[in-house]
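Everything on this sheet refers to the single structure shown next.
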Amino acid sequence: MTIIQRVYAREVLDSRGKPTVEAEVHLSGGAMGSAIVPSGASTGSAEACELRDEDPAYYDGQGTLLAVKNVNHLLGPAIVGMRAEEQMSLDERLIEIDGTPNKSQLGANAILAVSLAAAQAAAVAWQVPLFRYLNGHYNTVAQKLSRGSFVSVAPRMPLPMTNMISGGKHAGGNLDFQDILVMPHAASHYAVGLEWIVRIYRRLGTLLNRAGYEGYLVGDEGGYGPRLPGNREAVEFVVRAIELAGLKPGEQVSIAIDVAASHFYRDGAYQLAAEQGKKLTSSEMVDRLEQWMNAFPITSIEDGLAEEDWNGWQELTKRLGGRAHIVGDDLFATNPQRINKGRDLQAANAVLIKMNQIGTLSETLEAVALTKRAGFAAVVSARSGESEDTFMSDLAVAVAADRIKIGSIARSERLAKYNRLLRIGEMLR
Numbered sequence: 001m002t003i004i005q006r007v008y009a010r011e012v013l014d015s016r017g018k019p020t021v022e023a024e025v026h027l028s029g030g031a032m033g034s035a036i037v038p039s040g041a042s043t044g045s046a047e048a049c050e051l052r053d054e055d056p057a058y059y060d061g062q063g064t065l066l067a068v069k070n071v072n073h074l075l076g077p078a079i080v081g082m083r084a085e086e087q088m089s090l091d092e093r094l095i096e097i098d099g100t101p102n103k104s105q106l107g108a109n110a111i112l113a114v115s116l117a118a119a120q121a122a123a124v125a126w127q128v129p130l131f132r133y134l135n136g137h138y139n140t141v142a143q144k145l146s147r148g149s150f151v152s153v154a155p156r157m158p159l160p161m162t163n164m165i166s167g168g169k170h171a172g173g174n175l176d177f178q179d180i181l182v183m184p185h186a187a188s189h190y191a192v193g194l195e196w197i198v199r200i201y202r203r204l205g206t207l208l209n210r211a212g213y214e215g216y217l218v219g220d221e222g223g224y225g226p227r228l229p230g231n232r233e234a235v236e237f238v239v240r241a242i243e244l245a246g247l248k249p250g251e252q253v254s255i256a257i258d259v260a261a262s263h264f265y266r267d268g269a270y271q272l273a274a275e276q277g278k279k280l281t282s283s284e285m286v287d288r289l290e291q292w293m294n295a296f297p298i299t300s301i302e303d304g305l306a307e308e309d310w311n312g313w314q315e316l317t318k319r320l321g322g323r324a325h326i327v328g329d330d331l332f333a334t335n336p337q338r339i340n341k342g343r344d345l346q347a348a349n350a351v352l353i354k355m356n357q358i359g360t361l362s363e364t365l366e367a368v369a370l371t372k373r374a375g376f377a378a379v380v381s382a383r384s385g386e387s388e389d390t391f392m393s394d395l396a397v398a399v400a401a402d403r404i405k406i407g408s409i410a411r412s413e414r415l416a417k418y419n420r421l422l423r424i425g426e427m428l429r
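In UniProt numbering, the protein residues as written are 1 to 429.
As structure tokens, then:
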């Protein structure tokens, strides 16, 4: 019933019109699972390798026909005959065929597409919701990594953190920081929180229009992309939007910022374009973030420092970690080795989980398990280049992630994931 009989891949487009890989896994009992891999605009150097054709005459070099070919001629045939539910063995086989530490030979986009499609097919074959199927695999991985007693994790809805204003590499504005987000932490359940988010988003658009800014142009992830004077003004607008929505900043809705500091870290200093290129040391950058926390209800700071500034991350966590989630994205790249290093150094207290940063489902589950074993929060995240695929929503519930970062509510590839969570929420009641 679950023997893999055929694997097929094709090139499709993501939400930015860039090619990506979709894979299908067909099983002996007739079940089929498919998955479309995402792609990032803001990427860390430690991420698994995304294979592109680099043919300037085809999609400006961004084609994925080589990755598709690798699925159809190498990866797929290698797992035909295996059982789809044997996820760890399957992923180990895919990694073995590639033979490189960062999946650069065959492409993480090729490998991940097959890995996720196999899980989807197995869930279909077993006639269980994907999140419940993944929950079983997560607990198996977590138990193997546990030391001593182990308590299984039940599926749980995550707290959404939603993009309101985009900057950095996600929009064409002049903000250094990449995202300003809201979190409806006091909402009684997910559906209520989602309504709060929509209300805030609409009020923010009204405020931006009234002030003469673009209250309709959006970035890659659906957040507004206005050309504001600076980072502080962006947060001020979001706070006012929360209030205009009839909600209380800090008490009912808190703010998260994705600084993406690696992208303005040059020559050993943080150079803020929104502040006429002012250069800050690591300690001065932490000072700046602390000032922001004192002024606004910020309870999450993502990539507040550059990905290799480990000493700075230790200082940031020591000074602000008791008041907020200090989230590592580029810092960790969903990589178990880097997560363990962060635990040992006490650099950060939360990890952003992105499946395509590591390249297989099993390694993603391992990254989550190590995150939780370290006492860190887990935040499952989308990428700037997404699709109608909703696997990440099921993953977040399956591993009982603390938060989920999908993007805003203005683009259909994001709404597909929010709507999937609405349906899962009904199943969990």
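Backbone N, C-alpha and C fix where the C-beta goes; we use that ideal spot for every residue, glycine too. In this text the structure is predicted, and so the values were computed from the model without any measurement.
Cβ contact check for the stretch 148-165 and the stretch 126-137: 3 or more pairs under 8 Å: yes
Since D220 contacts A41 with CB under 8 Å, what's their CB separation in whole angstroms? Taking C-beta atoms under 8 Å as the contact rule, D220 and A41 qualify, at a distance of about 6 Å.
Ignore the nearest five residues each way along the sequence and tell me which others in M32's own chain have a CB closer than 8 Å to its CB. E24, V25, H26, A121 and V124
List the DSSP bridge partners of L13. DSSP output for L13 lists P19 as bridge partner(s).
Looking only at its own chain, which residues have a Cβ that is under 8 Å from the Cβ of L370, when we skip the five neighbours before and after it? L145, P336, I339, N340 and R343
So the candidates are I424, L422, P77 and L395; which of them puts its Cα closest to the Cα of I111? P77
By Cβ distance, which residues of its chain are closer than 7 Å to I3, with the 5 residues on each side in sequence left out? Result list for I3: L27, S28, G81 and R83, in chain order.
What did DSSP end up calling Y190 once you bin it into helix, strand or coil? Helix, per DSSP.
Local conformation of P155 per DSSP, three classes: coil
In its own chain, which residues sit with a C-beta less than 6 Å from the C-beta of V259, not counting the 5 before and 5 after it? Closer than 6 Å at the Cβ level, and outside the excluded window around V259, lie F177, D303 and G304.
Based on DSSP bridge pairs, tell me the residues matched to L370. Its beta-bridge partners do not exist; DSSP assigns none.
Quick one, are the C-beta atoms of P160 and I406 less than 8 Å apart? yes
Just to confirm, is the Cβ distance from S15 to S387 under 8 Å? yes
Give me the Cα-Cα distance between E284 and Q346, rounded to the nearest whole angstrom. 20 Å
Drop a sphere of 10 angstroms on the beta-carbon of M427, count the other beta-carbons inside from all chains shown, and report buried for 16 or more, exposed for fewer. Residue environment: M427 is assigned as exposed (fewer than 16 neighbouring CB atoms within 10 Å of its CB, all protein chains considered).
I'd like to confirm the pairing. Which residues does DSSP put opposite P160 in its beta bridges? I404
Could you check the C-alpha separation between A171 and A57 for me, to the nearest Å? Note that A171 scores a pLDDT of 48, beneath 50, so its modelled location is shaky and nothing firm can be said.
Check the DSSP bridge columns for I298 and list the partner residues they point to. I255
Suppose contacts are defined by Cβ-Cβ distances below 8 Å. Is I404 in contact with V380 by that definition? yes
Pick from L365, I358 and D402 that is closest to N109, judged by C-alpha positions: I358
DSSP on A171, reduced to helix/strand/coil? With a pLDDT of 48 at A171, under the threshold of 50, the modelled position of that residue is not reliable, and the figure given next carries that caveat. Of the three classes helix, strand and coil, the one that applies to A171 here is coil, per DSSP.
Just verifying my parser: in three-state terms, what is the DSSP assignment at H185? coil
Cβ neighbours of W126 in the same chain (closer than 7 Å, five flanking residues each side left out): Only Y133 meet the Cβ criterion.
Extent of the continuous alpha helix (DSSP H) run through Q357: Note, Q357: alpha helix (DSSP H), M355 to I358.
Sufficient close CB pairs (3 or more, under 8 Å) joining the stretch 189-203 to the stretch 255-270: no
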